[in-house]
Structure formats: C-alpha cells, structure tokens
Amino acid sequence: MIDAIDDVLPQTQCRQCGFEGCRAYAWSIVMDETPINRCATGGAAVIKQLAAITGREEIPLDPEYGEEVPLAVSFINPDLCIGCRKCVAYCPTGAIVGAPKRLHAVLTDWCTGCALCVIPCPVDCIEMRPAPFQWTRERAHQARERYHAKLEREKNREARRNARLAQESSAEKKKALLASILAQVKKNQ
Ligand code: SF4
Ligand code: SF4
Ligand code: SF4
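See below:
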C-alpha cells in the first residue's frame, strides 16, 4: 500500500504536506491514517488516486497545506549569486551545480519546482519561473531516483566522516598511550 501510494505522489519532495518527502507522507497515510488531502502539488488528481488506492472518501485539498499552482522551476540570477552553496544542501534532486565561491546554476530538467532552495539564499538571487515542461509520471520517477541517490550520497558522506573521526580519535588515544609509556620509561631510568 505504501509503495502504491508513493507511486502516485508527485515526487517533487517539496514538503508542503508537512512530511520530509513523498515517501514519508505515503507511510503516514497508511500507518497513522493521515488524511489523503495534504499534497497540494498533486492536487485533486492525486487525491482521486489516493482515494481509489486506500478506499477512503475523495475529499477536497486541505488549504492549510497549500493550493494548486502551475509548475515552476527555479532560476539563479548569475549577476547576484555569490557561490555560498546554501541552496545546494536543500535541493532534493541535486539539480543545483557549481563550485564553491563560483556562480551556481540550476539544471532545469532536474528541477522539481519544490522551491526549497529559495529561502536559504542569502542574496535573494533565486526566483521561480514557469516550467518549460509538464510534470509527467516519468519525470516523477526520475525525480524519486535522484532524490534517493542524493540521500545515499549523504549517508555515505556521513559514514566516511564518522569513520575519519573514529580513526582520529583512536590515533589521539594511541599518541596519549605512547606519551605515557615514554614518561614511565623516563621515570624508571
Ligand atoms: S509532492 Fe506532495 S507528497 Fe510529495 S512532499 Fe510535496 S506535498 Fe508532500
Ligand atoms: S533547484 Fe530548487 S526548486 Fe529545483 S529541485 Fe532543487 S531545490 Fe527544488
Ligand atoms: S544560495 Fe544563492 S548565492 Fe548561494 S550559491 Fe545558491 S544561488 Fe548562489
């Protein structure tokens, strides 16, 4: 059931539903009986599909979780970007590219229009513009793959960081042990 629900959610990972992403919302619909009318991105069409999958009543979108708006993609003003990379961390699909302290740009084709990158930008150089494409099921699946790939990269980065910290801490311990052995040897001379 969770897979079936996740499959019809738009996969923009915009978090308007109040969950960390589409899969988390799908999980909560099944496990916590969260209402099926919180995905503004998918709107009435997705609610209809969710009602069919869950057997629940088809209800209107809850306005507390946003409203249906036309698909937009983000654009970075090249004259203003300072290359701080704050936006990169927020992008669920890895659609923002650029080197530190250099101009960043959006891979429009990878952008889901979630707008999560807009708020953290310290110089307000990101704006949302009408999307040059329709949001299809194929795009949704690609976005989901990119999102999961990004989560995997973050998990691996964290594991490498923890391993490095553990190694450093054991190197520190070894150094301290050697110092105490040396001090003991000197004392015994
Ligand atoms: S697309 Fe819908 S289900 Fe997915 S995160 Fe956005 S609001 Fe939630
Ligand atoms: S570029 Fe911005 S709007 Fe597009 S997917 Fe990334 S965070 Fe969302
Ligand atoms: S947050 Fe704004 S200034 Fe920083 S890299 Fe992104 S677009 Fe450029």
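According to my numbering, the sequence shown is numbered sequentially starting from 315. Even for Gly, the Cβ is constructed at its ideal location relative to N, Cα and C.
Each of Leu421, Gly408 and Val387 was checked against the Cα of Met442, and the nearest Cα belongs to Val387. Per DSSP, the continuous alpha helix (DSSP H) segment holding Ile495 begins and ends at Arg451 to Asn502. When Gly397, Gln363, Cys425 and Ala480 are compared, the shortest CA-CA separation from Thr407 is found for Cys425.
Distance between Asp423 and Ile367, taken at the CA atoms: about 30 Å. When distances are taken from the beta-carbon of Gly427 to the heavy atoms of ligand 2, the shortest one is below 8 Å. In this structure, the CA atom of Glu472 is about 30 Å from the CA atom of Val344. The bridge partners DSSP lists for Val387 are Arg443.
Taking C-beta atoms as the reference points, Tyr379 and Ala354 count as a pair closer than 9 Å. Straight through space, the alpha carbons of Gly412 and Pro436 are spaced by roughly 16 Å.
Short of 7 Å from the beta carbon of Ile396, and not among the five residues preceding or following it, lie these beta carbons of its own chain, in chain order: Val437.
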